[in-house]
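In UniProt numbering, the protein residues as written are 1 to 225.
What follows is a single structure, written as structure tokens, with notes after it.
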């Protein structure tokens, strides 16, 4: 496997970041400083970054979790009462959450040990869809839903177009390719309403389907993208 991809899969950085590390001569394989992005890392090779050994991942593991509301998407937070660590299957090592899903939200969350896949699913340039069901404290008018669909101005910039569909008096679905912090909640606030429930039901091709809250299942990359 090429050294830049090897580093990305190990979760050290993105593939582009790995290229920069190689260029800066920060990477060694079996004691040899590497300067070629295409250098092939073989099973059993010892790879270091800045003199620190990097642990290889043997097989990619992807876990889909239906995260319950009230659970913090973090692996280590001494102040969080409940975290996603309690849902990681026994024996699974090196898993990290793919993107964010805030404590007050629920639904589909992916975890993997493949850093390259994390970058592929979270970097905005790939524009993978994420679908949510949003419940609000009041009924939004058609004009307000159209405003959300066309895009609104937030601190990070303009949200751009989104696919918005009314589901009931107080709920609608929205499909995003961005992933700003608490984005949907802040979008709804721009029309003078509040989100009372937020559930992510799809990432890429993968839907939550009948996965019960707090349950996990193993999925493959081609289930998602």
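Just so it is clear, CB atoms sit at the ideal spot from N, CA and C, and this is done for glycine as well.
How would you label residue i, buried or exposed, when you count the other beta carbons within 10 angstroms and need 16 or more for buried?
i, result
"residue 8", "buried"
"residue 148", "buried"
"residue 159", "buried"
"residue 42", "exposed"
"residue 169", "exposed"
"residue 67", "buried"
Which class does residue i belong to by DSSP, given the choice of helix, strand or coil?
i, result
"residue 79", "coil"
"residue 111", "strand"
"residue 163", "strand"
"residue 219", "coil"
"residue 191", "coil"
"residue 85", "helix"
"residue 153", "strand"
Would residue i pass as a contact of residue j if the rule is Cβ separation under 9 Å?
i, j, result
"residue 63", "residue 92", "yes"
"residue 225", "residue 65", "no"
"residue 25", "residue 72", "no"
"residue 193", "residue 154", "no"
"residue 232", "residue 202", "Since the first and last residues shown for the chain are 1 and 225, residue 232 lies out of range."
"residue 108", "residue 200", "yes"
"residue 3", "residue 36", "yes"
Got a sec, what are the start and stop residues for the alpha helix (DSSP H) residue i sits in?
i, result
"residue 23", "15-23"
"residue 8", "3-9"
Which residue marks the beginning of the beta strand (DSSP E) containing residue i, and which one marks its end?
i, result
"residue 199", "195-203"
"residue 309", "Residue 309 lies beyond the stretch modelled for the chain, which goes from 1 to 225, so this question has no answer here."
"residue 57", "Where residue 57 is concerned, there is no enclosing beta strand (DSSP E), given that its DSSP letter is neither H nor E."
Inside the segment 96-151 only - beta strand (DSSP E) runs reaching at least 3 residues: The DSSP assignment places 106-112, 130-136 as complete runs of the beta strand (DSSP E) inside the segment 96-151, in order along the chain (cut-off: 3 residues).
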